[in-house]
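Line by line, the protein sequences are chains A and B. Those letters in the first sequence? Residues 0 to 310, by numbering that gives the first Met the number 0. Those letters in the second sequence? Residues 0 to 321, by numbering that gives the first Met the number 0. This report concerns only the one structure given below.
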Amino acid sequence: MDIEAMKNAQDIQGLIRHLDHGKPYVQWRAADALGSLGEIACEPLLRPLAYHRVNVRIGAIEALGAIGSPRSVEPLIKTLMTDKSYEVRWVAAVALGEIGDKRAIPPLLASLKDDNRYVRYGSARALKEIGWSPETDEERAYYSLALQDWETVKKLGASATSPLIDMLKVQHPAMRAHIVEILGSIGGAVAERTCEQVLRDPDENVRWSGVLSAQRCGVPASRLPLELSKRPRTGPSVFGATLLNFFFLGIGYDYLGKWWGLVVLEIYMLLFLVSQLLVGLVRTLIMMVPVLAVFAVQTYFMAKKEAALAG
Amino acid sequence: MVDLSNLSGQKTEDIEKLTAAKDISGLIRALRSSNMHTQSAAAKALGSLGPAAMDVLIRDLKKKDKDHHLVIIKALSEIRDPTPVPVLIGMLKDEDSEVRWGAAIALGEIGDPQAIEPLVTCLRDYDKYVRYGAAFSLQLIGWKPPNDEEKAFLFVGMQEWKAVGLIGDSAVPALANILHDRHSIVRIKAVEILGELRSTRAIPVLMQSLADEDSEVRWKTVLASEKSGIRLMHLPRGLSRRPGLKKNPLIAGFLNFVLPGLGYAYLAKWWGVMIFEIDIFATVWALQYWGEKFTYEALLPIYFVLALHAYYITVKMPMDPP
Chain A
0 MDIEAMKNAQ
10 DIQGLIRHLD
20 HGKPYVQWRA
30 ADALGSLGEI
40 ACEPLLRPLA
50 YHRVNVRIGA
60 IEALGAIGSP
70 RSVEPLIKTL
80 MTDKSYEVRW
90 VAAVALGEIG
100 DKRAIPPLLA
110 SLKDDNRYVR
120 YGSARALKEI
130 GWSPETDEER
140 AYYSLALQDW
150 ETVKKLGASA
160 TSPLIDMLKV
170 QHPAMRAHIV
180 EILGSIGGAV
190 AERTCEQVLR
200 DPDENVRWSG
210 VLSAQRCGVP
220 ASRLPLELSK
230 RPRTGPSVFG
240 ATLLNFFFLG
250 IGYDYLGKWW
260 GLVVLEIYML
270 LFLVSQLLVG
280 LVRTLIMMVP
290 VLAVFAVQTY
300 FMAKKEAALA
310 G
Chain B
0 MVDLSNLSGQ
10 KTEDIEKLTA
20 AKDISGLIRA
30 LRSSNMHTQS
40 AAAKALGSLG
50 PAAMDVLIRD
60 LKKKDKDHHL
70 VIIKALSEIR
80 DPTPVPVLIG
90 MLKDEDSEVR
100 WGAAIALGEI
110 GDPQAIEPLV
120 TCLRDYDKYV
130 RYGAAFSLQL
140 IGWKPPNDEE
150 KAFLFVGMQE
160 WKAVGLIGDS
170 AVPALANILH
180 DRHSIVRIKA
190 VEILGELRST
200 RAIPVLMQSL
210 ADEDSEVRWK
220 TVLASEKSGI
230 RLMHLPRGLS
240 RRPGLKKNPL
250 IAGFLNFVLP
260 GLGYAYLAKW
270 WGVMIFEIDI
280 FATVWALQYW
290 GEKFTYEALL
300 PIYFVLALHA
310 YYITVKMPMD
320 PP
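Okay, structure coming up:
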């Protein structure tokens, strides 16, 4: 059925079904149509907020944002705080900004600390839309970080320190590296300690940023190597590779990221099978174990060398 | 004949001998010398031999040998004779981007105005080397862009980003074109400038780029969209159209049921193939020692559990990193 016809017939359920249409522009038009229906569509659109399909939730929220009913504010806040999909949280933040209800301010402030940069960005823009402006330096720091307005954060100086340290929790490594860099330029005892701690970050760029910033903060260079060595090792385990190659020759190489690992495995398996058919299982095992032991030792040294290179 | 087995150490005197003997194929082989001077000397010598040499060079261009093509194209750009221009223009459509790049440079060196139109088309190539070569050659030939749109294509080709930004609105098609570039750095640059243009003409282009496969391009697009006046409300849906990295749980489950382990391999778990191998061995042994019926009774429930597990971990898998 045509979107226009459904809109004229006020077929709200039909339009909601089209929010998950295969073609994006149909989804779009369905959301627009729902938004244009006004207040009567508000109540039926609250239920899809819990639907499984991300597209439906996004479409419903777009429409609710256009309708702008105060009744949708609480459900949208719930979505902003709890939805698993970051696009949905993002669009909920934007919709709350469009509706412009002051009740949304505290949850949007909390969303400035969301793990996802899109949600943080959307929340900051929504807050501005509602007419909120930062009152304290701390709020300003979170707000500017959400907009990735690094210059403003830098100018805030020491008062931005604790928001910056708090936002080091985000998963995005580039953001963490940026934060560490700013902490280095701000300096101070807390920043100094953080720059040192960051040397254990799992991401190499963040650690490097930490090394540069720590020295700028006045951490003696002699302390850095020890701190850096405490980072978690994410590379493959040497012992694991050895053991794997002992039991399934080739898989250990595969585990170390060698493309030919599986080729070795196939050849080994084939030889094993043929030998078992010819001389029996026990004799095959007796023959294989010394060979496997040699390979295991070789794997041990190879993995060790690679771990050292990977740093 | 000169001994050709020792070309790399060849001196210019040898080239003189080859020239005196009008040994065209010998000179063409000398073009492959690793010595730069020998290469140039051979090219010059071929140029001095006139139409006869040119015919052979052009004939060689029609053979299917990429490396040889590049050698000859280089020589032609040193000889600067206009005869091969039509063939070189044809090579601007070669499937190999290095050949296209070389042809574009050679046409610029030769400087024949015939090449202008095809080179202008090359400014729309998806390969940045070809675009750069074409832009450089067009400037050598002295081409003046007839309008702002063409000027934008020229500057994009030259990677003169500042100049592109100053053109304004008319730069949109040229920037939209490089959003198909293979390198995300180029696409990010395009998106940033599209934002700086602050033009509504950029909106459809930016909406496309919201679904880019690269997460950094998508993020920069969001920042640029604000400047061009796209409603923030429309961005999340645009972003949700990006190519999904998430795997299909049904496929993972099915694979693990019929080929236990390969469901995990599909989920890019390195140990998937290991489980597959173990299963094959276990099955062979079990068939041998237990007999058919018992084997199936023992293994099928395990396969079922593996299938469920693969299905479950796919469903629980996080979406791609933000």
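Think of the CB as a built atom: it goes at the ideal place given N, C-alpha and C, for glycine as much as any other residue.
query: Taking the alpha carbon of alanine 188 (chain A) as the point to measure from, which residue in A:Val205, A:Asp202, A:Ile164 and A:Ala176 has its own alpha carbon closest?
result: A:Ile164
Starting from aspartate 136 (chain A), trace the alpha helix (DSSP H) in both directions and tell me its first and last residue.
136-145
| query | Does any C-beta atom of chain A lie closer than 9 Å to the C-beta of arginine 236 (chain B)? | reply | yes
*Output yes or no for whether 9 Å exceeds the beta carbon distance between leucine 17 (chain B) and leucine 60 (chain B).*
no
*Kindly give me the distance between the Cβ atoms of isoleucine 181 (chain A) and tryptophan 149 (chain A), rounded to whole angstroms, as I take these residues to be in contact under 8 Å.*
7 Å
Quiz item: Where alanine 213 (chain A) and arginine 236 (chain B) are concerned, what is the direct C-alpha to C-alpha distance, given to the nearest angstrom?
Solution: 41 Å
- Query: Are the beta-carbon atoms of aspartate 100 (chain A) and valine 55 (chain A) separated by less than 9 Å?
  - Reply: No; because the gap between Cβ atoms is not below 9 Å, this pair is not in contact.
inquiry  = Using a 10 Å radius around the Cβ and a threshold of 16 neighbouring Cβ atoms, would you call alanine 19 (chain B) buried or exposed?
reply    = exposed
message: Tell me the rounded alpha-carbon separation between proline 224 (chain A) and alanine 176 (chain A).
response: 18 Å
Contact under 9 Å by Cβ, isoleucine 274 (chain B) with tyrosine 263 (chain B):
yes
task = Verify whether the separation of the beta carbon atoms of serine 136 (chain B) and glycine 107 (chain B) is less than 9 Å.
result = yes
| query | Hey, how far is the Cα of serine 132 (chain A) from the Cα of aspartate 200 (chain A)? | reply | 34 Å
key: 8 Å CB neighbourhood of glutamate 215 (chain B) in its chain, flanking five on each side removed   = Ser183 and Ile187
Q: Measuring only between beta-carbons, confirm whether arginine 192 (chain A) sits less than 9 Å from chain B.
A: no
* Can you find a CB in chain A that lies within less than 9 Å of the CB of leucine 222 (chain B)? -> yes
Exposed or buried, asparagine 146 (chain B), counting other C-beta atoms within 10 Å across all chains shown (16 or more means buried)?
-> exposed
Simplified DSSP state of histidine 171 (chain A), which is helix, strand or coil = coil
In this structure, how does DSSP classify lysine 62 (chain B) when only helix, strand and coil are distinguished?
The three-state reading of DSSP puts lysine 62 (chain B) in coil, since its state is none of H, G, I, E or B.
Assuming contact is defined by CB atoms lying nearer than 9 Å, are isoleucine 192 (chain B) and tryptophan 218 (chain B) in contact in what I supplied? no
Worksheet item: For the region 258-289 of chain A, which residues have a CB atom closer than 7 Å to at least one CB atom of chain B, in sequence order?
Response: If you check each beta-carbon in the region 258-289 of chain A against every beta-carbon of chain B, the ones closer than 7 Å belong to Leu261, Leu264 and Met268.
Starting from the beta carbon of aspartate 19 (chain A), find every residue of chain B whose beta carbon is closer than 9 Å, and list them in chain order. Correct list: empty, because the minimum Cβ distance to chain B is about 11 Å.
**Message:** I need the straight-line Cα distance from leucine 165 (chain B) to threonine 151 (chain A), nearest angstrom please.
**Reply:** 27 Å
CB contact check: valine 190 (chain B) to chain A, cutoff 9 Å:
no
For the candidate residues A:His171, A:Glu226, A:Gln170 and A:Ala173, whose alpha-carbon lies nearest to that of cysteine 194 (chain A)?
A:Glu226
Practice problem: Report the residue from A:Glu61, A:Pro43, A:Leu48 and A:Ala4 whose alpha carbon sits nearest the alpha carbon of aspartate 31 (chain A). | Solution: A:Glu61
State the Cα-Cα distance for the pair serine 4 (chain B) and arginine 79 (chain B), rounded to the nearest angstrom. With a pLDDT of only 46 at serine 4 (chain B), under the threshold of 50, the placement of this residue in the model should not be trusted, and no figure is reported.
- Item | Per-residue contacts from glutamine 12 (chain A) into chain B (C-beta, under 7 Å) | What glutamine 12 (chain A) touches in chain B: nothing, since even the nearest Cβ is about 20 Å away.
Which term fits tryptophan 284 (chain B), buried or exposed, when burial requires 16 or more other beta carbons within 10 angstroms of its beta carbon?
-> By the neighbour-count rule (16 or more Cβ atoms within 10 Å), tryptophan 284 (chain B) is not buried but exposed.
Notebook entry, point to check: For lysine 161 (chain B), which three-state DSSP category applies?
Noted result: Helix.
DSSP three-state label for glutamate 322 (chain B), please. Nothing about residue 322 (chain B) can be read from this structure; chain B reaches only from 0 to 321.
* Rounded C-alpha distance that separates threonine 220 (chain B) from alanine 134 (chain B) -> 27 Å
Item to complete: Measuring only between beta-carbons, confirm whether isoleucine 279 (chain B) sits less than 9 Å from chain A.
Response: yes
Open item on the list: What would DSSP say about glutamate 230 (chain B), mapped onto helix, strand or coil?
Closed with: Reading off the sequence, residue 230 (chain B) comes out as arginine, not glutamate. Collapsing the DSSP output to three states places arginine 230 (chain B) in coil.
Measuring CB to CB, does proline 235 (chain A) end up less than 9 Å from leucine 264 (chain A)? Taking 9 Å as the cut-off, the beta carbon of proline 235 (chain A) is found no closer than this to the beta carbon of leucine 264 (chain A).
| field | Selection of the region 110-137 of chain A by Cβ proximity to chain B, strictly under 9 Å | value | Asp114, Asn115, Arg116, Tyr117, Val118, Tyr120, Gly121, Arg124, Ala125 and Glu128
Should glutamine 170 (chain A) be labelled buried (16 or more other beta-carbon atoms within 10 Å of its own) or exposed? It counts as exposed.
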